[in-house]
Amino acid sequence: MPLTALDIYKVLPKTNCGECGIPTCLAFAMQLATKKAAIDACPYATDDAKATLAGAAAPPIRLVSIGPDAQCIVMGNETVMFRHEETFYHPTAIAVRIRTDRSPDELKAEFERVQAMVYDRVGQFVRVEMVALEDADGDPGRFAAAAALADGMGLALMLMSDAPAAMEAALAGISAHRPLLYAATADNWEAMAALAKARACPLVVRGKDLNELADLTRKIGALGLTDLVLDSGARGLPATLTDLTQIRRLALRRQFRPLGYPAMAFVTSQDPIDQVTEGTAYLCKYAGLVVTDGLQDWQALAMVTARQNIYTDPQKPIQIEPGVRAIGKPDASSPVLITTNFSLTYFTVEADVEASRTAAWALIVDTEGQSVLTAWAADKFTAETIAKALAASDLAERVNHRKAVLPGGVATLSGKLEELSGWEILVGPRESAGMTMFMRNRWRPSEAAATS
Ligand code: SF4
């Protein structure tokens with residue numbers, strides 16, 4: 001909870017000396033509460049007062065970064081329980097657990113498989129970000145070699161070992177890339193915390209339950225370590241989801257600092273479909289990191305797609321640049337298709353046009369990321385806006401005809417659009433899935449050329 005002016009006033013000197021530029025301490029407190037002044041302006045503020053204000057200003061869930069600068073993974077700093085209240089800011093990282101008890105060639109192949117899990121989804125590249133490298137046999141040399149191999153391939157890592165000696169060996173050459181260390185427990189927290197502090201690496205803290213977890217983060221926090229990730233120790237969907245929800249609720253609604261860190265979860269299901277369901281549940285509520293075994297390509301695609309949806313700002317639809325795009329290799333006789341700059345709309349149209357085996361020019365009208373009917377209802381996809389976009393484009397030079405295809409859902413715009421633009425407007429299918437039939441039955445390039 002943010003401090004009120006009265007809370008702040010209680011820790012100020014209350015001398016009303018005016019040296020802060022404001023006549024009274026109470027007025028200064030009111031300025032601080034609304035963030036219009038900084039505590040440094042009061043030369044008499046005690047260290048305690050400064051610490052109180054700094055603590056209140058800290059985010060309820062700490063922002064933690066992991067991995068090399070080039071592909072830094074950021075988690076935490078979330079502000080709401082429910083996405084519709086605002087948005088979720090930092091997409092859950094997904095890690096594939098790989099054990100070290102295999103040959104270097106097998107390990108390399110596994111790492112390459114994770115590296116290849118990158119997908120182009122509605123104009124954004126989404127990926128599986130991390131490898132959770134598990135020390136399978138307590139052999140420091142083998143663990144260090146595997147960590148060096150993965151790090152050399154540019155992978156962000158979570159190093160998993162309960163043995164501080166193995167962790168130290170693995171960190172020797174790669175700590176500058178800030179791998180996440182897993183994990184400090186009631187048995188080893190002093191050694192693990194010392195290692196994390198010496199190497200400036202983020203650290204997972206694992207408790208048997210939330211009470212033990214909070215106790216451990218208090219102790220580790222007192223050593224000056226702040227980049228922590230929480231593992232409540234729960235396994236299985238119901239228990240893990242309960243703990244993740246409790247952690248988020250306590251951090252946001254009670255400002256409970258010992259649990260004010262991003263949390264993580266392990267997928268424990270064995271069935272491949274259940275694995276996706278379980279992992280997706282955790283990334284919806286409320287894991288900053290999900291670790292799963294043996295992820296296959298189709299599972300990864302399902303999870304990153306779900307994550308992309310959950311972490312899209314509900315008030316800012318994913319958009320593409322307005323203007324003209326080529327679908328396939330269009331030429332002067334290719335059709336001109338009118339659509340909006342809502343990513344999902346455009347990429348659906350693009351896929352359906354490609355499926356029709358026709359090349360086309362797409363005129364993408366700026367509708368602030370709204371779909372055809374939504375933009376039409378909001379007066380952003382009108383005859384005027386389309387005619388303006390058409391006139392501003394270079395389509396008249398690109399094609400040898402003056403025909404454009406309007407989405408069937410807004411057929412009512414066709415007459416006025418013809419008047420304003422001077423182009424012949426053909427009413428296309430209501431859904432772009434009808435594009436194949438439309439191209440076959442309604443679009444005749446030779447006829448189009450003849451009308452130019
Ligand atoms: S300088 Fe400090 S003590 Fe003086 S009025 Fe401002 S807040 Fe109060």
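No gaps in the numbering here: position 271 of the sequence shown is 271 in my numbering, and each next residue is one more.
All C-beta atoms in this analysis are idealised placements derived from N, C-alpha and C, irrespective of residue type, glycine included.
By the Cβ rule, the stretch 154-171 counts as touching the stretch 57-73, because three or more pairs are nearer than 8 angstroms.
Put simply, the stretch 178-189 touches the stretch 199-213. At least three CB pairs are less than 8 angstroms apart.
The beta carbon of T345 sits no closer than 7 angstroms to any heavy atom of the ligand SF4. Per DSSP, the beta-bridge partners of K403 are E424. Around the Cβ of D135, a 10 Å sphere holds 16 or more other Cβ atoms; the residue is buried.
Proximity of the beta carbon of L12 to the ligand SF4 is indicated: a heavy atom of the ligand is located closer than 7 angstroms. DSSP, reduced to helix, strand and coil, places I273 within a helical segment of the structure shown.
A Cβ-Cβ contact shorter than 8 angstroms links Q124 with Q308. The shortest CA-to-CA distance from A51 to any of E19, V11 and R249 is the one to V11.
Relative to the non-hydrogen atoms of the ligand SF4, the Cβ of Y44 comes within a distance shorter than 7 angstroms of at least one.
Each residue's CA atom was taken as its position, placing P43 and A222 some 28 angstroms apart.
For D297, the uninterrupted alpha helix (DSSP H) run begins and ends at D297 to I310, by DSSP.
Annotation: K285 to K403 spans about 49 angstroms, alpha carbon to alpha carbon. Two segments are said to touch when three or more pairs of C-beta atoms, one from each, lie closer than 8 angstroms; by this definition the stretch 127-144 touches the stretch 164-171. In this structure, the alpha-carbon of A214 lies about 10 angstroms from that of R206. Per DSSP, the unbroken beta strand (DSSP E) holding Q124 starts and ends at Q124 to R127. The C-beta separation of T367 from T348 comes to about 15 angstroms, leaving the pair out of contact by the 8 angstroms criterion. The way I'd put it, the stretch 320-331 does touch the stretch 393-413; three or more beta-carbon pairs between them come closer than 8 angstroms. Judged by their CB atoms, N441 and A332 are not nearer to each other than the 8 angstroms cut-off.
Comparing alpha-carbon positions, the option among T280, D313, D293 and K329 lying closest to A306 turns out to be T280.
Membership of A383 in any beta strand (DSSP E) is not indicated; the residue belongs instead to the alpha helix (DSSP H) covering A383 to A392. For D352, the enclosing alpha helix (DSSP H) covers residues S343 to A355.
Between V304 and V128, the CB-CB gap stays under 8 angstroms.
Per DSSP, the unbroken beta strand (DSSP E) holding T340 starts and ends at V336 to T340. In this structure, the alpha-carbon of F256 lies about 11 angstroms from that of P59. For D135, there is no enclosing alpha helix (DSSP H), as DSSP marks it with neither H nor E.
The criterion of a C-beta distance shorter than 8 angstroms is satisfied by I338 and I386.
For the set A184, I98, A183 and L195, the Cα lying nearest the Cα of A147 is the one of I98. Taking 8 angstroms as the cut-off, the Cβ atoms of L250 and A265 do not count as close. Taken in chain order, the whole beta strand (DSSP E) runs of length 3 or more contained in the stretch 75-157 are 93-99, 118-121, 124-127 and 130-134.
With a threshold of 16 other beta carbon atoms within 10 Å, D227 meets it and is buried. For G18, the Cβ falls inside the 7 angstroms cut-off from some heavy atom of the ligand SF4.
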